[in-house]
Amino acid sequence: MKDSRIDLSDTPELTPAMFARGLVRRGLKPVVRKKLITLRIDGDVVDWYRNQGAGYQTRINALLRAYMEERRG
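Here is the structure:
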């Protein structure tokens, strides 16, 4: 079947915004289990991240990981 004959009418179009929200797992290493902790963070910082929408905790984790890896050298 040619691509032109495939009915994609019920499939949403992928937008750049959808890709921007994605996370890349380099080398597809196993995902390390996360630990549940209590962490005190300034209220305005938490509010700002929450206002960015779903996945704000994942984004905070990604920033902390990037900082850790940079400092690790």
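Sequential numbering of the sequence shown, starting at 33, is according to the numbering used here. Ideal placement from N, C-alpha and C gives every residue a C-beta, glycine not left out. A quick note: this is a predicted structure, and the numbers were derived from the prediction, not measured.
Could you give the first and the last residue of the continuous alpha helix (DSSP H) run that contains G85? Where G85 is concerned, there is no enclosing alpha helix (DSSP H), given that its DSSP letter is neither H nor E.
Nearest candidate by alpha-carbon position, reference V63, set K34, Y99, T90, M100: T90
Alpha-carbon spacing of Y81 relative to A52, whole angstroms: 16 Å
Do N93 and K61 count as a contact pair if the criterion is CB distance below 9 Å? no
Which residues mark the beginning and the end of the alpha helix (DSSP H) in which M50 is found? 48-52
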